[in-house]
Amino acid sequence: MHIPMKRALAMAVGAGIGLAAAVPTWAAGSLEEVMEERGLTQKDLLAAAKTYTPTGGRDEYMVFASGGQSGQVIVYGIPSMRLLKYIGVFTPEPWQGYGFDDESKAVMAQGRVRGKDITYGDTHHPAISETKGEYDGQYLFINDKANPRVAVIDLHDFETKQMVVNPLFKSQHGGAFVTENTEYVITAAQYAAPYSQDFVPLEKFNEEYRGGITYWKFDRDKGRIDPSASFTVEAPPYSQDLSDAGKGPSHGWSFTNSFCTERYIGGIERGRPPFEAGCSSKDTDFLHAVNWQKAAQLIADGKGKKVNGADLLPIEVAVANDVLFLIPEPKSPHGVDVTPDGKYLVVSGKLDSHASVYSFEKIQNAIKNQKFEAKDPYGIPIIAMEDALHTQAELGLGPLHTQFDSEKCIAYTSLYVDSMVAKWNYCEGKVLDKLSIHYNIGHLMTMEGDSVTPDGKYLVALNKLAIDRFNPVGPLHPQNHQLIDISGAQMQLLYDMPLPLGEPHYAVAIKADKLKPGVRYKSGWDSRTDQASPYRTRAGREKTERTCDADGNCRVEVYGTTIRSHITPEIIQVQEGDTVSIHLTNLERAQDETHGFAMYGQNVQLSIEPGKTASTTFVADQQGVFPYYCTEFCSALHLEMQGYLLVTPKGYESEGLVLEDATKYSKEDYEGQVGTNIDTQAVIDMVVGYITSHNYKDFPTVVALVEDATDQLGFAEEAKAKAKAKADEKDWQDAMLWANQWWQYQVKAADLGLRAKTFLEENGAVKVK
Ligand code: K7E
Ligand code: CUA
16 MHIPMKRALA
26 MAVGAGIGLA
36 AAVPTWAAGS
46 LEEVMEERGL
56 TQKDLLAAAK
66 TYTPTGGRDE
76 YMVFASGGQS
86 GQVIVYGIPS
96 MRLLKYIGVF
106 TPEPWQGYGF
116 DDESKAVMAQ
126 GRVRGKDITY
136 GDTHHPAISE
146 TKGEYDGQYL
156 FINDKANPRV
166 AVIDLHDFET
176 KQMVVNPLFK
186 SQHGGAFVTE
196 NTEYVITAAQ
206 YAAPYSQDFV
216 PLEKFNEEYR
226 GGITYWKFDR
236 DKGRIDPSAS
246 FTVEAPPYSQ
256 DLSDAGKGPS
266 HGWSFTNSFC
276 TERYIGGIER
286 GRPPFEAGCS
296 SKDTDFLHAV
306 NWQKAAQLIA
316 DGKGKKVNGA
326 DLLPIEVAVA
336 NDVLFLIPEP
346 KSPHGVDVTP
356 DGKYLVVSGK
366 LDSHASVYSF
376 EKIQNAIKNQ
386 KFEAKDPYGI
396 PIIAMEDALH
406 TQAELGLGPL
416 HTQFDSEKCI
426 AYTSLYVDSM
436 VAKWNYCEGK
446 VLDKLSIHYN
456 IGHLMTMEGD
466 SVTPDGKYLV
476 ALNKLAIDRF
486 NPVGPLHPQN
496 HQLIDISGAQ
506 MQLLYDMPLP
516 LGEPHYAVAI
526 KADKLKPGVR
536 YKSGWDSRTD
546 QASPYRTRAG
556 REKTERTCDA
566 DGNCRVEVYG
576 TTIRSHITPE
586 IIQVQEGDTV
596 SIHLTNLERA
606 QDETHGFAMY
616 GQNVQLSIEP
626 GKTASTTFVA
636 DQQGVFPYYC
646 TEFCSALHLE
656 MQGYLLVTPK
666 GYESEGLVLE
676 DATKYSKEDY
686 EGQVGTNIDT
696 QAVIDMVVGY
706 ITSHNYKDFP
716 TVVALVEDAT
726 DQLGFAEEAK
736 AKAKAKADEK
746 DWQDAMLWAN
756 QWWQYQVKAA
766 DLGLRAKTFL
776 EENGAVKVK
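Letter by letter, the sequence shown follows residues 16 to 784 of my numbering.
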């Protein structure tokens with residue numbers, strides 16, 4: 016029954032896998048013909064040439080985009096705009112076992128709010144960790160607006176490692192923004208609320224509702240936020256919005272916008288004008304400037320107070336120590352962005368057609384001279400706008416966010432109402448170019464645009480609406496990321512990418528070669544704690560343990576393994592009512608040989624990447640038969656990667672039945688199989704001969720494949736010994752089955768060997784003497 020597979024394998028090897036050199040036959044039409052047929056212009060072709068990435072090609076930049084209401088992070092490449100990954104963050108992501116395995120459930124449990132599981136997030140602003148203001152590619156942070164949380168993603172494996180819940184806020188939009196060396200991750204409250212968890216009437220809004228800005232201490236050695244070393248600077252109940260950290264000369268400071276400084280509290284149902292009127296009646300709101308370095312010192316000196324167990328720097332203390340200042344900013348501001356040199360801050364008011372450029376130096380002079388125009392109702396000094404302003408530029412309608420170019424003084428600002436991007440000079444306040452986008456741009460992003468040395472090159476417009484850009488898919492449209500070439504004097508639109516996930520809000524792009532993700536875990540690794548798993552299991556050490564307490568509550572612990580193409584154990588028998596934990600270690604070392612684990616009726620789905628140990632725990636509360644299997648098509652015998660959980664009724668007694676195979680094998684079957692195995696070995700030897708006669712050690716990919724193939728051949732030897740032993744006993748049934756298992760390992764080794772050989776052929780390996 017294995018003949019076709021065997022033949023195919025032998026033929027493929029015999030032909031030396033010549034397929035790679037074949038020329039595709041569909042490319043018959045000339046460029047002109049294709050252009051005419053598809054109605055393409057020269058400009059389209061140029062755009063295509065700038066984005067098209069041939070098979071095997073890599074992108075220059077990697078983008079981490081917020082998945083908005085999906086609670087995820089989306090990873091894609093630039094310039095190809097090819098999607099690479101969704102990272103489960105605040106939302107379960109079954110493909111990754113996220114929110115299903117015990118290890119990631121423990122991460123999600125850190126994000127509980129008032130004891131409740133929150134299984135979605137409203138992600139807004141991703142931030143890459145920085146060293147001296149440069150993206151270092153180690154960590155990614157992202158906030159949840161709806162529930163005031165921040166998540167830490169390790170870019171070593173692109174997995175979410177931690178969630179922290181803000182102990183004071185009830186929403187948190189302005190985050191995550193990192194300081195120059197990722198000392199802190201900054202988040203700001205949005206909708207003011209009492210710090211207390213108790214009911215406080217809206218009538219006490221001015222006195223008891225508060226905003227704030229939180230500085231989450233990041234412990235780089237541990238790769239985790241340390242809540243005990245984090246603190247919040249108290250702020251009035253203005254709706255704090257986006258923030259940015261100072262850099263260079265302004266390092267040590269941070270800046271946070273606000274809106275609704277009217278402190279309007281709505282109430283249409285009480286006959287009052289609505290929020291949107293009451294929150295936009297003044298011509299200016301307040302930019303908050305915070306000396307966080309001094310704030311941290313004050314907290315360390317014990318000048319703060321504990322609220323809900325967290326360190327808070329009260330407004331009075333902040334004001335008395337020159338930590339907190341306000342500066343008027345025009346109308347309903349949204350973005351605040353510090354320029355790469357750290358000298359200026361660009362602020363845009365949604366209801367103002369200008370972008371306002373504030374000078375950090377002027378702000379500092381005003382503070383030094385104690386030159387304030389007034390104090391706000393909470394006693395915070397207000398620096399007059401004209402004392403802080405460097406310049407203003409009339410950009411267009413609805414300016415929101417600003418990003419920077421590699422060229423000095425050049426910035427790009429999104430115009431929400433106009434649906435345009437404005438390129439302008441913020442030193443001189445002069446508009447240089449404008450480009451229409453589709454439609455209603457929110458954030459925009461240049462390559463490494465938040466760092467001290469932006470690369471420019473490309474810009475992505477993160478649009479709120481797609482409307483008519485794509486084939487219709489019902490009332491809920493995809494999002495639209497538009498790629499724009501900004502390398503020339505004039506911006507050129509290159510590509511529209513539909514994103515079928517939540518509203519993107521913000522994205523960050525890093526030079527791809529700064530990322531150094533691993534391809535496997537150390538064997539038996541808990542990827543969420545980044546430590547060896549207490550449940551790690553080695554080959555041959557698989558076991559199932561059942562223990563019961565005095566009350567007769569029983570636990571079954573299964574220590575299992577997965578490797579192509581079997582799950583050990585293949586039969587798990589428990590009793591109705593048992594709590595069952597299954598811990599599986601993927602023994603593979605080969606790149607991309609992930610195994611999954613899904614089970615009927617128990618909401619179980621694991622993703623076990625090479626080296627990982629993942630666990631699932633459930634109560635087997637109903638008797639029955641529950642098949643389980645691997646969910647990744649990992650080898651030719653993937654479908655056979657299966658097993659049974661048998662949940663017996665309480666007190667079940669075995670009837671003493673014997674497991675019997677439905678197919679019987681003879682001595683001839685055994686000898687036939689052994690013959691095949693010997694032929695297969697000849698094929699393997701040939702491939703090995705090819706590999707070892709070339710400089711394969713110069714290719715790490717091939718070295719890894721060879722290691723894995725060597726493992727498989729080791730298993731083949733073990734199976735061969737078992738087959739021989741059974742043959743000596745004249746147990747032809749088991750001898751045949753072990754001989755077949757021996758062959759299965761050979762096939763896997765041959766598959767790996769062929770992959771290695773093809774790689775060598777395609778990558779110019781040379782013969783060694
Ligand atoms: Cu959508 Cu930065 Cu949350 Cu602006 S935010 S658009
Ligand atoms: Cu492992 Cu399919």
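Glycine is no exception: its CB is placed at the ideal position from the N, C-alpha and C atoms.
Relative to V338, the option among T247, D356 and M400 whose CA is nearest is T247. Within the same chain, Cβ atoms closer than 6 Å to the Cβ of Q205 are found at S186, H188 and S254, the five residues on either side in sequence being excluded. DSSP, reduced to helix, strand and coil, places R770 within a helical segment of the structure shown. In this structure, G227 is the residue among G227, H303, Y510 and V673 with its C-alpha nearest to the C-alpha of L327. Fewer than three pairs of CB atoms, one per stretch, sit closer than 8 Å, so the segment 320–335 makes no contact with the segment 419–432. In this model, D528 and G148 are separated by some 17 Å (Cα to Cα).
For A315, the number of other beta carbons within 10 angstroms of its own is below 16, and it is reported as exposed. Boundaries of the beta strand (DSSP E) harbouring Q507: Q507 to L514, taken from the DSSP string.
Assigned with DSSP and collapsed to three states, K185 falls in coil, not helix or strand.
For G517 and Q494, the gap between their C-alpha atoms comes out near 7 Å. With at least 16 other beta carbons inside 10 angstroms of its own, P396 counts as buried. Relative to the ligand K7E, the beta carbon of G319 is positioned no closer than 8 Å to any heavy atom. Annotation for K479 indicates a beta carbon within 8 Å of some heavy atom of the ligand K7E.
Closest in alpha carbon position to F192, among W231, G357, F220 and H171, is W231.
Residue pairing from DSSP places S258 in a beta bridge opposite T271. Residue range P715 to D743 is occupied by the alpha helix (DSSP H) that includes F730. In this structure the segment 627–646 lies against the segment 108–122, because at least three pairs of beta carbons, one per stretch, are closer than 8 Å. Distances from the CA of W757 to each of H303, E732 and T577 were compared; the closest alpha carbon is that of E732.
Burial check for I586: the Cβ neighbour count within 10 Å stays below 16, so the residue is exposed.
DSSP, reduced to helix, strand and coil, places Y206 outside both helices and strands of the structure shown, so it counts as coil. Across the set Q761, L498, I706 and A764, the C-alpha of I706 shows the shortest separation from the C-alpha of G779. DSSP places Q57 in the uninterrupted alpha helix (DSSP H) bounded by Q57 to T66.
In its chain, beyond the 5 residues on either side, G112, Y113 and R543 have a beta carbon closer than 7 Å to the beta carbon of S119. Per the coordinates, the alpha-carbon of A142 lies some 56 Å from the alpha-carbon of G666.
Every beta strand (DSSP E) stretch that sits fully inside the segment 348–390 and reaches 3 residues is listed by chain position as 348–353, 359–364 and 369–374. Annotation: V475 to H496 spans about 6 Å, alpha carbon to alpha carbon. Proximity of the beta carbon of K160 to the ligand K7E is indicated: a heavy atom of the ligand is located closer than 8 Å. C649 sits buried, since 16 or more C-beta atoms from the chains shown fall within 10 Å of its C-beta. Take G103, set aside five residues on each side of it, and the residues of its chain with a beta-carbon closer than 7 Å to its own are Q87, Q111, Y113, G114 and T175, in chain order.
Straight across, the Cα-Cα distance linking Q617 with M656 is about 18 Å. In this structure the segment 559–571 does not touch the segment 526–541; the number of beta carbon pairs closer than 8 Å is below three.
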